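Notes to accompany the following structure.
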Amino acid sequence: MDRKKRNRFIIITAAILIVLLVMIIITGRRESEEPIRMVMKDAVLHEHAKINFFGIIDANPALISAYTVTAIIFVFALIVRLFVIPKFKKIPGKFQLVLEQAVGIFDGLATSNSPHRHKFLGAYVFTAGAYIFIGTMFELLGVMAPTTTGGTIALPAPLADINGAISMGVFSYCVILSGGIAGNRIKGVLNTLKDFSLPISMSFRLFGALLSGALVTELVYYYVTTSFIIPVFVAVMFTMLHALIQAYVLTMLTALFYGEVSAQEE
Amino acid sequence: MPLNIDPQQILLHLFNLILLFGILYVLLYKPVHDFMDEREEEYKKREKDTQDALDEAEKLKSEYEDKLLKAEKDNADLRAKVSNEAESAREKIIADAHGKADEIVDAARDKAQKEHDRLIARAQTEIAEYVSKAAERVVMEKDTLTDDFDSFFESVESQKGEADE
Numbered sequence: 000m001d002r003k004k005r006n007r008f009i010i011i012t013a014a015i016l017i018v019l020l021v022m023i024i025i026t027g028r029r030e031s032e033e034p035i036r037m038v039m040k041d042a043v044l045h046e047h048a049k050i051n052f053f054g055i056i057d058a059n060p061a062l063i064s065a066y067t068v069t070a071i072i073f074v075f076a077l078i079v080r081l082f083v084i085p086k087f088k089k090i091p092g093k094f095q096l097v098l099e100q101a102v103g104i105f106d107g108l109a110t111s112n113s114p115h116r117h118k119f120l121g122a123y124v125f126t127a128g129a130y131i132f133i134g135t136m137f138e139l140l141g142v143m144a145p146t147t148t149g150g151t152i153a154l155p156a157p158l159a160d161i162n163g164a165i166s167m168g169v170f171s172y173c174v175i176l177s178g179g180i181a182g183n184r185i186k187g188v189l190n191t192l193k194d195f196s197l198p199i200s201m202s203f204r205l206f207g208a209l210l211s212g213a214l215v216t217e218l219v220y221y222y223v224t225t226s227f228i229i230p231v232f233v234a235v236m237f238t239m240l241h242a243l244i245q246a247y248v249l250t251m252l253t254a255l256f257y258g259e260v261s262a263q264e265e
Numbered sequence: 000m001p002l003n004i005d006p007q008q009i010l011l012h013l014f015n016l017i018l019l020f021g022i023l024y025v026l027l028y029k030p031v032h033d034f035m036d037e038r039e040e041e042y043k044k045r046e047k048d049t050q051d052a053l054d055e056a057e058k059l060k061s062e063y064e065d066k067l068l069k070a071e072k073d074n075a076d077l078r079a080k081v082s083n084e085a086e087s088a089r090e091k092i093i094a095d096a097h098g099k100a101d102e103i104v105d106a107a108r109d110k111a112q113k114e115h116d117r118l119i120a121r122a123q124t125e126i127a128e129y130v131s132k133a134a135e136r137v138v139m140e141k142d143t144l145t146d147d148f149d150s151f152f153e154s155v156e157s158q159k160g161e162a163d164e
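As you go down the protein sequences, you meet chains A and B in turn.
For the first sequence, numbering that gives the first Met the number 0 gives the first residue as 0, with consecutive numbering after it.
For the second sequence, numbering that gives the first Met the number 0 gives the first residue as 0, with consecutive numbering after it.
Pasting the structure below:
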């Protein structure tokens, strides 16, 4: 970097910092409409902000997020199935490579953890991984939805809701149970039931991990002095980390337990 | 329920998950996986074909090497056989030549001996004739008997010397 560019960089950075400081001083300490405790509690429990779900029930925003994510994935998968997969080549292009890598990674995870029975497991961990990753990244879009109280709310990650996390944990446990039944019949069922705490631990691990990220972001946003620039990094970093780590952890645990209960003992 | 746990919402989430599983399996996972499997199978088949072709080539090479070795051995045997035959033929020719040479020499000797005998015989005949003629002349010319007798003997000796040569 030559001297001219360096000076320009210093001047621009200094200008941005000064503008931020001025904005912080001008805005002062915000008198929030609701205290931080309420904000945090609502982020965890979703007791107040509800969204009407097709006129059936007043659901937590995460349920709307879950169906929205499914709709997005469905449209994406349909486009890929109709227009991309028929044009697959023996030597893959960039997009084909990404798709093959995604399928290959989860298939490899299933194969390595359950070498004797992995076809269904591979499909499941692929779905779970894609859902956790895309669902968590969906939070970054900040899609707004109307609440039943007349306000609006940014849709959270589907698994930041305890109900979503429990359903994922229970579904994973059912998949593990199915592996036990397919591999060892009654003995497989008993082996699976032995780990009865598994759905609870999986659910709350997922919920706690995703919620902690949401809470930190919520805290950063709440205080105006930290609500400039910083949330951009904090939100993106936390969300991406959780998306990757939780997708890996849940799929890896499911594959591990599936392989364990479905392995035929000699 | 504590923590706002709602069984109805859990079931709705489960329904959503199963729906998503079906969508992703049918639209994305299975087609991509099938494509990857087909490609893997094709590459395995190619690899097997290549390996078979290599094995076949190796087998052919081995066969050709054996044939080459056998041909070289046959060639060497043939060369040795031909060489032996040539040697035998040479020896036979030489032996024949020696035989013929001996025959020629013997024939020449016989011929020379016969010629020699013939010349001796002829010389003896001529000597006898000369002696007879000389005796007649002596008898006819008594006065020159002594001189003639000496010249007669000289003549006979010179004749004999010529005949010996």
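For every residue, glycine included, the Cβ atom is placed at its ideal position computed from N, Cα and C.
Source: prediction; values computed, not measured.
Of the residues the options, the one placed nearest residue i, counting alpha carbons only
i	options	result
A:L210	A:T135, A:L189 and A:I185	A:T135
A:C173	A:F195, A:I78, A:R36 and A:I72	A:F195
A:V219	A:G207, A:L205 and A:F237	A:F237
B:E125	B:A111, B:E156, B:D95 and B:R108	B:E156
A:T253	A:A208, A:I175 and A:A234	A:I175
A:V235	A:L140, A:L96 and A:L62	A:L140
A:L77	B:L27, B:Q158, B:R38 and B:Q8	B:L27
A:F119	A:I56, A:L98 and A:A181	A:A181
A:L249	A:A129, A:V43 and A:G54	A:A129
A:H117	A:Y257, A:E264 and A:P157	A:Y257
A:G150	A:I56, A:A127, A:I50 and A:A242	A:I50
A:L243	A:A262, A:M39, A:A127 and A:L189	A:A127
A:L158	A:I55, A:V68, A:G179 and A:F82	A:V68
A:N59	A:I35, A:A153, A:I24 and A:F8	A:A153
B:G160	B:L53, B:A56 and B:I119	B:I119
Boundaries of the beta strand (DSSP E) in which residue i is found, first to last residue
i	result
A:A153	T151 to A153
Buried or exposed by the 16-neighbour rule on C-beta atoms within 10 Å, applied to residue i
i	result
B:Y63	exposed
B:N83	exposed
A:S200	exposed
B:D5	buried
A:Q245	buried
A:A61	buried
A:E217	buried
A:F232	exposed
A:I185	exposed
B:I9	buried
B:V104	exposed
A:A268	Lying before the first or after the last residue shown, residue 268 of chain A is absent from chain A, which here runs from 0 to 265.
A:P284	Not covered by the structure: residue 284 of chain A. The range shown for chain A is 0 to 265.
A:H115	exposed
A:T191	buried
B:N74	exposed
A:L205	buried
A:Y222	exposed
B:D76	exposed
B:P1	exposed
A:Y281	With chain A covering only 0 through 265, there is no way to say anything about residue 281 of chain A.
B:G98	exposed
A:H241	buried
Residues bridged to residue i (per DSSP)
i	result
A:A58	A:I50
A:M143	A:A153
Enclosing alpha helix (DSSP H) for residue i [first to last residue]
i	result
A:A156	No alpha helix (DSSP H) contains A:A156, which DSSP labels as neither H nor E.
A:V215	L197 to Y221
B:I103	K29 to M139
A:H241	I229 to S261
A:Y123	K118 to F137
A:D1	Neither: A:D1 is in no alpha helix (DSSP H) and is coded neither H nor E.
B:H12	P6 to L23
A:Y107	Reading off the sequence shown, one finds Gly at residue 107 of chain A, where the question assumed Tyr. First-last of the alpha helix (DSSP H) with A:G107: K93 to N112.
A:K86	Here A:K86 belongs to no alpha helix (DSSP H), and DSSP marks it neither H nor E.
A:R80	It is not in any alpha helix (DSSP H) - A:R80 carries neither H nor E in the DSSP assignment.
B:L2	Segment: none, B:L2 is in no alpha helix (DSSP H) and carries neither H nor E.
A:D194	Neither: A:D194 is in no alpha helix (DSSP H) and is coded neither H nor E.
A:L44	I35 to L44
Per-residue contacts from residue i into chain C (C-beta, under 7 Å)
i	result
A:S166	You won't find chain C in this structure, because its protein chains are A and B.
Inset, instruction - Check whether the segment 32-40 of chain B touches the segment 97-112 of chain A, taking contact to mean three or more Cβ pairs, one atom from each stretch, closer than 8 Å. - result: In short, these stretches touch, since the Cβ pair count reaches three.
Legend entry - Meets three-Cβ-pair contact criterion under 8 Å: the segment 2-20 of chain B and the segment 140-152 of chain A: no
Inset, instruction - Give a yes or no on contact between the segment 87-94 of chain A and the segment 162-171 of chain A, applying the rule of three or more CB pairs nearer than 8 Å. - result: Taking a cut-off of 8 Å on C-beta distances, the segment 87-94 of chain A does not touch the segment 162-171 of chain A, as fewer than three cross pairs fall below it.
Legend entry - the segment 8-28 of chain A touching the segment 106-125 of chain A, judged by at least three CB pairs closer than 8 Å: no
Inset, instruction - Inspect the CB distances between the segment 77-86 of chain A and the segment 110-120 of chain A and report whether three or more fall short of 8 Å. - result: no
Inset, instruction - Flag this pair as touching only if the segment 69-84 of chain A and the segment 21-30 of chain B have three or more C-beta atom pairs under 8 Å; answer yes or no. - result: yes
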